[in-house]
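Asker:
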Amino acid sequence: MSDINVLLGLFDGLHRGHMRAVEELLKCGGEKTVFTFNSASMTTKGERGLLMTDSEKKERLISLGADRVISRDFGEIKDLSPEEFVQKILLNEFRAKRVICGENFRFGRGGKADATVLRELCRGSGIETSVVPTVCDGWLPISTTRIRGLIESGDISEANRLLGYCYGFGGIIEHGSGIGRKIGIKTVNTAFDPRRALPKKGVYASRAEIDGEIFPGVTNIGTRPTVHSDGKIVIETHIIGFEGDVYGKSVFVALTDFLREEKRFGGLDELGEAVAKDIKRAKELFEL
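Under this note's numbering, the very last position in the sequence shown is 433; numbers go up by exactly one each time.
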């Protein structure tokens with residue numbers, strides 16, 4: 146049998162719990178494959194809540210050291226029996242020598258088979274199996290559901306601690322309404338995947354990466370009630386210390402701290418004063 150190692154799981158967000166399993170894969174000799182699922186096939190149409198897009202997940206796994214990432218529609222394998230999954234996918238398709246999964250991994254029709262069943266079936270097919278224990282923090286498992294709840298409640302610093310990195314959004318910088326210029330504080334708008342988990346509306350300290358360089362910033366996520374009434378969610382960032390044309394460039398905005406709730410101000414002057422205070426607070430956090 147060829148020396149192929151296969152890591153199984155959804156890995157949305159690639160948080161600290163997931164990283165224990167990824168590290169187990171990276172210790173293996175031979176080819177390192179991650180078998181996961183397309184996000185769209187795991188969620189209801191219009192549902193929001195992903196911590197990471199499929200392309201972000203693949204890029205991160207490859208950067209960490211995986212040789213390849215195979216992402217399938219869940220519908221292609223959800224009706225396979227546990228025996229068929231091991232025989233058709235792990236043995237025949239991947240020719241796996243070793244399989245790695247978390248202890249809460251479920252598979253087979255209806256998700257009725259667990260990691261213990263996987264180990265038994267793989268042993269019968271000559272496949273080694275490593276089951277990685279669930280990683281806990283504060284007596285609770287580190288999970289995507291737990292982290293998503295923290296993000297949506299605005300506790301971004303705690304979410305980042307469990308993720309092991311700062312949650313954020315990557316996209317192309319778009320032209321906005323020009324309100325920032327009117328109050329003397331330029332901002333840039335970032336497009337985002339509507340399926341991503343959206344943080345609580347408000348103002349955040351952030352870091353923006355443009356052309357490989359990282360700048361501190363202040364990011365507002367919300368509907369901008371002082372100047373708009375259409376209810377559209379916008380992510381806009383004032384990048385501290387950056388000058389130049391950024392429109393059309395790629396940016397990744399990582400949120401570090403929640404500063405305040407979004408609110409409606411009495412006018413642009415009052416809004417400008419509030420944003421200036423937000424920038425001052427962000428500078429203090431970044432020790433600028």
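Beta carbons: idealized from backbone N, C-alpha and C, even for Gly. Computed from a prediction, not measured in an experiment: that's the story for all the values here.
I believe G162 touches P286 by the beta-carbon criterion, under 8 Å. Please report the beta-carbon distance rounded to the nearest angstrom.
Answerer: That pair is a contact at about 7 Å.
Asker: Nearest CA to the CA of V396: which residue from F387, G389, G174, A353?
Answerer: Comparing Cα positions, the closest option is A353.
Asker: Using DSSP with H/G/I as helix, E/B as strand and the rest coil, what is S200?
Answerer: Helix at S200.
Asker: Comparing C-alpha positions only, which one of R426, V277, W284 sits nearest to R165?
Answerer: Ranking the options by Cα distance to R165, first place goes to V277.
Asker: Have a look at L266, C267, E248 and flag the residue whose alpha-carbon is nearest the alpha-carbon of A260.
Answerer: Selected option, being the one with the closest Cα: E248.
Asker: Tell me which residues share the same chain as V262 and place their Cβ nearer than 7 Å to its Cβ, disregarding the 5 neighbours each side in the sequence.
Answerer: Correct list, in chain order: P227.
Asker: Is it the case that the Cβ atoms of A336 and G316 are separated by a distance below 8 Å?
Answerer: Yes.
Asker: In the structure shown, what three-state DSSP assignment does T382 receive?
Answerer: In this structure, T382 counts as strand in the three-state DSSP scheme.
Asker: Of all the options A399, I330, L416, L430, which has the alpha carbon lying nearest to the alpha carbon of F387?
Answerer: For F387, the nearest C-alpha among the options comes from I330.
Asker: At what residues does the beta strand (DSSP E) containing I317 begin and finish?
Answerer: It spans 313 to 319 - the beta strand (DSSP E) in which I317 sits, taken as one unbroken run.
Asker: Return helix, strand or coil for N365, following the three-state DSSP convention.
Answerer: Correct three-state label for N365: strand.
Asker: Going along the chain, which residues of its own chain have a beta-carbon closer than 7 Å to the beta-carbon of D212, five neighbours each way excluded?
Answerer: Answer for D212: E176, K177, T178, listed in chain order.
Asker: May I ask which residues mark the beginning and end of the beta strand (DSSP E) holding D423?
Answerer: First-last for D423: 413 to 430, but that is the alpha helix (DSSP H), not the beta strand (DSSP E).
Asker: Could you give the first and the last residue of the continuous beta strand (DSSP E) run that contains R213?
Answerer: Counting along the chain, the beta strand (DSSP E) containing R213 begins and ends at 213 to 217.
Asker: Around the Cβ of I359, are there at least 16 other Cβ atoms within 10 angstroms (buried) or fewer (exposed)?
Answerer: Exposed, because fewer than 16 other Cβ atoms sit within 10 Å of the Cβ of I359.
Asker: When you compare each of F230, G376, P361 to H383 by their alpha carbons, which one comes out closest?
Answerer: Residue P361 is the option with its Cα nearest to H383.
Asker: What three-state label does DSSP hand K233 in the structure shown?
Answerer: Helix at K233.
Asker: If you run the structure through DSSP and keep just helix, strand and coil, what is N305?
Answerer: DSSP places N305 in helix when its eight states are reduced to three.
Asker: Of the choices K346, C267, G417, D224, whose alpha-carbon is the least far from that of R243?
Answerer: Answer by Cα proximity: C267.
Asker: Compare the C-alpha of L433 against each of G210, S208, S288, A350 and name the closest.
Answerer: Among G210, S208, S288, A350, the Cα nearest to that of L433 belongs to A350.
Asker: Report, in whole angstroms, the separation of the C-beta atoms of P344 and G299, which I expect to be a contact under 8 Å.
Answerer: Rounded, the Cβ-Cβ distance is 6 Å, consistent with contact.
Asker: Going by Cα to Cα distance, which pick from N150, D402, L155 is closest to S302?
Answerer: Looking at the Cα atoms, D402 is the closest of the given residues.
Asker: Just how far apart, CA to CA, sit K203 and L153?
Answerer: Cα-Cα distance, rounded: 14 Å.
Asker: Using a threshold of 8 Å, state whether the C-beta atoms of F239 and V151 are closer than that.
Answerer: Yes, these two residues count as a Cβ contact at 8 Å.
Asker: With burial defined as no fewer than 16 other Cβ atoms inside 10 Å of the residue's Cβ, what is the status of Y312: buried or exposed?
Answerer: Under this definition Y312 is a buried residue.
Asker: With DSSP collapsed to three states, give me the class of A260.
Answerer: It is helical.
Asker: For G253, which residues from the same chain have a beta carbon less than 7 Å from its beta carbon, with the 5 sequence-adjacent residues on both sides left out?
Answerer: Counting only Cβ-Cβ distances below 7 Å, and skipping sequence neighbours, we find L225, S226, P227, F230.
Asker: Let me make sure I understand the geometry here. Which of R291, L170, L155, K425 has the alpha-carbon closest to that of F219?
Answerer: Considering only alpha carbons, the answer is L155.
Asker: Which word fits T279, buried or exposed, when buried means at least 16 other C-beta atoms lie within 10 angstroms of its C-beta?
Answerer: Exposed is the call here.
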